[in-house]
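Asker: In this note's numbering, the protein residues as written are 50 to 123.
Dumping the structure here so I can ask a few things about it.
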């Protein structure tokens with residue numbers, strides 16, 4: 050029971066139905082997604098932004114410390 054390869058004519062005629070089925074399957078999958086609530090989205094986004102600011106500040110301070118240290122040595 051092997052599947053026979055499709056000819057190029059069959060592939061080109063199926064493109065419209067492939068696009069239609071793709072869009073339908075995409076909508077079906079998006080319906081299964083557990084979307085976050087507005088409050089959860091805002092709180093998690095705030096946490097990410099604060100962590101990025103914290104890490105950037107630490108990197109900035111460490112970089113300045115090593116620049117100051119290398120300036121004293123060299």
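Positions of the beta carbon are idealized from the N, C-alpha and C atoms, including for glycine.
Would you kindly work out how many angstroms separate the C-alpha atoms of residue 120 and residue 110, rounded to a whole number?
Answerer: Distance between the alpha carbons of residue 120 and residue 110 is about 15 Å.
Asker: How would you write the range of the alpha helix (DSSP H) that residue 82 sits in, first residue to last?
Answerer: Element bounds for residue 82: n/a, residue is neither H nor E.
Asker: Between which two residues does the alpha helix (DSSP H) carrying residue 123 extend?
Answerer: Premise fails: residue 123 is in no alpha helix (DSSP H) and is neither H nor E.
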